[in-house]
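Asker: This is the structure I have questions about; it appears just below.
Residue numbers (my numbering): 148 to 265.
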């Protein structure tokens, strides 16, 4: 019988920072929104066009959650009709390297899968 090894990793704190961060970026479409806002502010219709497949309802839901979490800033501009523009907060901008790293690994995983299927 093989003995069971004990974990050498210290247990995460009660409010684990990893879980907190993943709860924000782990939602459907959320990484896409952060990615699209990484180069600057976008209006709702622009984001909708930038992210194929996302519904207006889902985009609205995700943007509201990201705003509540302090990741996205919503700015209402006094135009006629009113225009709303979304941008990353400083906290949201800090997530950009994590999203870029995920994209980089995603590319390598895709290449690996394509290489095996040939």
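Where a beta carbon is used, it is the ideal one built from N, C-alpha and C, also for glycine.
(1) Does the distance from the C-beta atom of residue 234 to that of residue 184 stay below 8 Å?
(2) Checking the sheet assignment: what are the DSSP bridge partners for residue 276?
(3) I'd like the list of long-range same chain contacts for residue 162, defined as Cβ closer than 6 Å, with 5 residues on each side in sequence excluded.
(4) Could you give the first and the last residue of the continuous alpha helix (DSSP H) run that contains residue 163?
(5) Leaving out five residues on either side along the sequence, give the residues of the same chain with a beta carbon under 8 Å from the beta carbon of residue 195.
(6) Where does residue 189 sit, in a helix, a strand or coil, going by DSSP?
(7) Grab the span of the alpha helix (DSSP H) containing residue 215 for me, first residue to last.
(8) Rounded to the nearest angstrom, what separates residue 220 and residue 182 at their Cα positions?
(9) Using 10 angstroms around the beta-carbon of residue 180, count the other beta-carbons present and answer buried if the total reaches 16, otherwise exposed.
(10) So, residue 188 versus residue 232, is the Cβ gap smaller than 8 Å?
(11) Between 164, 251, 190 and 239, which has its C-alpha nearest residue 226's C-alpha?
Answerer: With the given structure in hand:
(1) Yes, Cβ-Cβ distance for residue 234 and residue 184 is below 8 Å.
(2) Outside the modelled stretch of the chain, which goes from 148 to 265, sits residue 276, for which no answer is possible.
(3) none
(4) Counting along the chain, no alpha helix (DSSP H) covers residue 163, and no H or E run does either.
(5) 201, 203 and 206
(6) strand
(7) Note, residue 215: alpha helix (DSSP H), 203-215.
(8) 15 Å
(9) buried
(10) A contact, by the Cβ cut-off of 8 Å.
(11) 190
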